[in-house]
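K.L.:
Note that our numbering gives residue 206 to position 198 of the sequence shown, counting from 1, and the numbers run on in steps of one.
Note that the Cβ used here is the ideal one computed from N, Cα and C, for glycine as well.
Handing you a structure now.
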Amino acid sequence: MAAELTAHQLIAKHRPTLDQALETIRTRAYWSPHPEHPKAYGENGSLSLPEGKAAFDALQGTRFDLGQPGTDDWVGGEVSPYGPELGITYPHPDIDTLLPAMRAGMRAWRDAGAEARAMVSLEILARISARTHEMAHAVMHTSGQAFMMAFQAGGPHAQDRGLEAIAYAYVEQSRTPDTAEWHKPQGKRDPLTLNKRFTPVARGISLLIGCNTFPTWNGYPGLFASLATGNPVLVKPHPRAVLPLALTVRIAREVLAEAGFDPNLVCLAAERPGEGIAKTLAVRPEIKIIDYTGSSSFGDWLEANARQAQVYTEKAGVNTVVVDSTDDYKGMLANLAFSLSLYSGQMCTTPQNLLIPRDGIRTDAGAKSYDEVVADLAASVNGLLGDDARANGILGALVNPDVKGRLEAAAGLGEVALPSRQVANPEFPDAVVRTPVIVKLDGAKPDAEAAYLSECFGPVSFAVAVDSAADAVELLRRTVRDKGAMTVGAYTTSEEVSAAVEEACLEECAQLSLNLTGGVYVNQTAAFSDFHGSGGNPAANAALCDGAFVANRFRVVEIRKDA
């Protein structure tokens, strides 16, 4: 089939976007080509809000045919955290048929070069962006995010992360020139002369193991980093969150075919209930790259057993905030309250442990005891979530019963400073919506340590009483070293304490946010500017996104000839 999208068309359309992305990852400034507001969509081929909802509704109860080879069954079973069954079935792969078919298009994709791969990848992102409203509903009804968060995090913010990965991939592949003439002087004799050609060569099939909570935000960096560096990508979604990544795969296959490439460069691997296909795929010799977001136990298993693959993991950590002092007490409380509440704490970046000196802290509102700080934070959360309509818009729904179980069990771990309450959702009466719980623990007691040094994923936070700011910094250091952390926060007006926290984070390799009191929160990161995770502590072995995240997805092969 003749290509409908020519290289010239794609370069004219997308090269300016790539150039701006390249400049922005250099300057670390704010920039995004993907609008955050729902009203920005509905023109120039993009779906409006009603059109996106209609498109999502039309998918329910259907067979999601991708036309990929090796389909031996149709599987599904997604149930929205808001209640409804989606009723969509997806192709189940015969791995022995699918994997060889995915490799068949690698040569043409390699020979196209880094710029062409970037342009095709950007066209895929552009098509995804045009369907942001449809994707928002797909993310909402598989992850439990409230609509606006699903729209922003599952749409433009995820697309930004994908674009960021494409930009880094292009930088790393372009670091070496395509060709070079090499001359070595030989004195009176003629120089030695060689013509050299350098080609980025993909490792092989890349396996993306998707997560339940952020299928696109966490999935797009690995997907586009691998695709843009020449690797086919097999997308294995979480069984509760297939639809967002299935839509992504469908769009990618359409664009690849229109650009004259093999659509099997991107395929889907949905699984039967309890099948555990990720474990089978992860050790196949054809799989050379793995991207994974999820539990530490399976992440550790992948790192230990998928020896043939380059494995990138984002696992679990215990995120910590040191509360020493503040010159904006009200702002600190409001910022922390929102951070604890957003998406019911179901983010890998949500703070869990709040380390507060037992003798209290200094603030612009006067000295505050440990008990006062905890009580005031609880009141701030209650004020934020007191109205059920607003609470639903912030909390979303609990993504699975395990989160609910941890939330209910947390109340038995110590003195409850803020009990969780049930929030009714009139639009979705079956949704499980809960406000956060805050539990007071004494950091000096060994039985408390077992609680606060274990990740309790969900709307659970521990207010840990410590002896001093120095004690808090030491506990922070130990927590990051032993358990890992995706984020660290601190509030202090002391230069000495600030320096101690910064040094601990530098030595233990953790990303730090200091004195956030406005509209930026410790559990949010901006593409092109912020690094998500560091890759330097047990929470993750990679950062989204830096050069290390893409550079080892390909190797450079040199061919030299005597001139």
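1) Since I believe Pro108 is in contact with Trp82 (beta carbons under 8 Å), could you give me their beta-carbon distance rounded to a whole number of angstroms?
2) Can you tell me where the beta strand (DSSP E) holding Asp80 begins and where it ends?
3) Give the straight-line distance between the Cα atoms of Ala498 and Gly492, rounded to the nearest whole angstrom.
4) Please classify His165: is it buried, with 16 or more other beta-carbons within 10 angstroms of its beta-carbon, or exposed?
5) Does the stretch 248-261 come within contact of the stretch 133-150, defined as at least 3 CB pairs closer than 8 Å?
6) May I ask you to report which of helix, strand or coil DSSP gives Arg258?
7) If we count the other Cβ atoms within 10 Å of its Cβ and call it buried at 16 or more, is Asp65 buried or exposed?
8) Identify the continuous beta strand (DSSP E) that holds Lys21 and give its terminal residues.
9) My understanding is that Gly579 touches Cys517, with C-beta atoms under 8 Å, so please give their C-beta distance in whole angstroms.
10) So Lys569 is in the alpha helix (DSSP H); what residue range does that whole segment cover?
11) Which residue marks the beginning of the beta strand (DSSP E) containing Cys275, and which one marks its end?
12) If I measure Cβ to Cβ from Val509 and keep anything under 8 Å in the same chain, skipping five residues before and after, which residues do I get?
13) Leaving out five residues on either side along the sequence, give the residues of the same chain with a beta carbon under 7 Å from the beta carbon of Ala342.
14) Just verifying my parser: in three-state terms, what is the DSSP assignment at Arg574?
15) How long is the line joining the alpha carbons of Cys464 and Glu457, rounded to whole angstroms?
16) Is it buried or exposed for Gly353, if we count other Cβ within 10 angstroms and need 16 for buried?
17) Between Leu231 and chain D, is the shortest Cβ-Cβ distance under 8 Å, so that the two count as touching?
18) Per DSSP, which residues does Asn361 bridge with? Please list them.
19) Between the stretch 15-26 and the stretch 110-127, are three or more C-beta pairs nearer than 8 Å?
20) Going by the beta-carbon positions, is the gap between Asn400 and Thr358 smaller than 8 Å?
21) Using only CA atoms, which one of Ala277, Ser469, Pro223 lies nearest to Glu423?
22) State the start and end residues of the unbroken beta strand (DSSP E) segment that holds Tyr320.
23) Express the C-alpha separation of Ile298 and Gly227 in angstroms, rounding to a whole number.
24) Assign Gly230 to one of three DSSP states: helix, strand, or coil.
25) Take Ala154 and list the residues in its own chain whose beta-carbon comes closer than 6 Å to its own, dropping the five residues that flank it on each side.
26) Give me the Cα-Cα distance between Ala534 and Arg36, rounded to the nearest whole angstrom.
27) Is it true that the CB of Gly78 sits closer than 8 Å to the CB of Thr105?
28) Given a cut-off of 8 Å on the beta-carbon distance, is the pair His540 and Ala551 in contact?
29) Between which two residues does the beta strand (DSSP E) holding Lys192 run?
30) Under a Cβ-count criterion, where at least 16 other Cβ atoms within 10 Å of its own Cβ denotes burial, should Ile295 be classed as buried or exposed?
31) For Leu348, does the count of other Cβ atoms within 10 angstroms reach 16, so buried, or fall short, so exposed?
32) If you reduce the DSSP assignment to three classes, tell me which class Met9 lands in.
33) Hey, could you find the ends of the alpha helix (DSSP H) Pro454 is sitting in?
34) Using C-beta distances below 6 Å, list every residue in its chain close to Asp410, excluding the 5 sequence neighbours before and after it, in chain order.
35) State the Cα-Cα distance for the pair Gly391 and Leu242, rounded to the nearest angstrom.
36) Using a 10 Å radius around the Cβ and a threshold of 16 neighbouring Cβ atoms, would you call Met355 buried or exposed?
P.N.:
Short version:
1) The beta carbons of Trp82 and Pro108 sit about 22 Å from each other, so the pair does not count as a contact at 8 Å.
2) Counting along the chain, Asp80 sits inside the beta strand (DSSP E) bounded by residues 79-84.
3) Those two C-alpha atoms are separated by around 16 Å.
4) Answer is buried; the Cβ neighbour count reaches 16.
5) Enough Cβ pairs lie closer than 8 Å, so yes.
6) Helix, per DSSP.
7) Exposure of Asp65 is indicated by the presence of fewer than 16 other C-beta atoms within 10 angstroms of its C-beta.
8) Segment 15-35 is the alpha helix (DSSP H) holding Lys21; no beta strand (DSSP E) there.
9) Residue 579 cannot be examined here, being either before or after the span of the chain that is shown, 9 to 571.
10) Segment 562-570 is the beta strand (DSSP E) holding Lys569; no alpha helix (DSSP H) there.
11) Here the beta strand (DSSP E) through Cys275 covers 274-276.
12) Exclusion of the five residues before and after Val509 leaves Val330, Val481, Leu484, Val496, Ala498, Thr500, Leu520, Leu522 as the residues of its chain whose Cβ lies within less than 8 Å of its Cβ.
13) Within the same chain, Ser388 come within 7 Å of Ala342 by CB-CB distance, once the 5 residues on both sides are set aside.
14) As shown, the chain starts at 9 and ends at 571. That puts residue 574 outside it, with no answer to give.
15) Rounded to whole angstroms, Cys464 and Glu457 show a C-alpha spacing of 13 Å.
16) With a 10 Å radius around the Cβ and a threshold of 16 neighbouring Cβ atoms, Gly353 comes out buried.
17) Of the protein chains in the structure, only one exists, and it is not chain D.
18) The partner list for Asn361 (beta bridge, DSSP) reads Thr328, Phe470.
19) The stretch 15-26 makes contact with the stretch 110-127; the number of CB pairs closer than 8 Å reaches 3 or more.
20) With contacts defined as CB atoms closer than 8 Å, Asn400 and Thr358 fail to qualify as a contacting pair.
21) Here the closest residue by C-alpha is Ser469.
22) Counting along the chain, the beta strand (DSSP E) containing Tyr320 begins and ends at 318-322.
23) Cα to Cα, Gly227 sits roughly 11 Å from Ile298.
24) In the three-state scheme derived from DSSP, where H, G and I count as helix and E and B as strand, Gly230 is classed as helix.
25) Once the five neighbours on either side are set aside, the close Cβ partners of Ala154 are Gly401, Gly404.
26) So the two alpha carbons sit approximately 10 Å from each other.
27) Result yes, Cβ atoms of Thr105 and Gly78 sit closer than 8 Å.
28) Yes.
29) For Lys192, the uninterrupted beta strand (DSSP E) run begins and ends at 187-194, by DSSP.
30) Within a 10 Å sphere around the beta-carbon of Ile295 sit 16 or more other beta-carbons, which makes this residue buried.
31) Leu348 comes out buried.
32) Confidence at Met9 is low in this model, with a pLDDT of 43, below 50, so the placement of that residue should be treated as unreliable; the coordinate-derived value is given next. It is coil, neither helix nor strand.
33) Unbroken alpha helix (DSSP H) run through Pro454: 454-460.
34) Once the five neighbours on either side are set aside, Asp410 has no close Cβ partner at all.
35) Cα-Cα distance, rounded: 45 Å.
36) A buried status is given to Met355, since no fewer than 16 other beta-carbon atoms sit within 10 Å of its beta-carbon.
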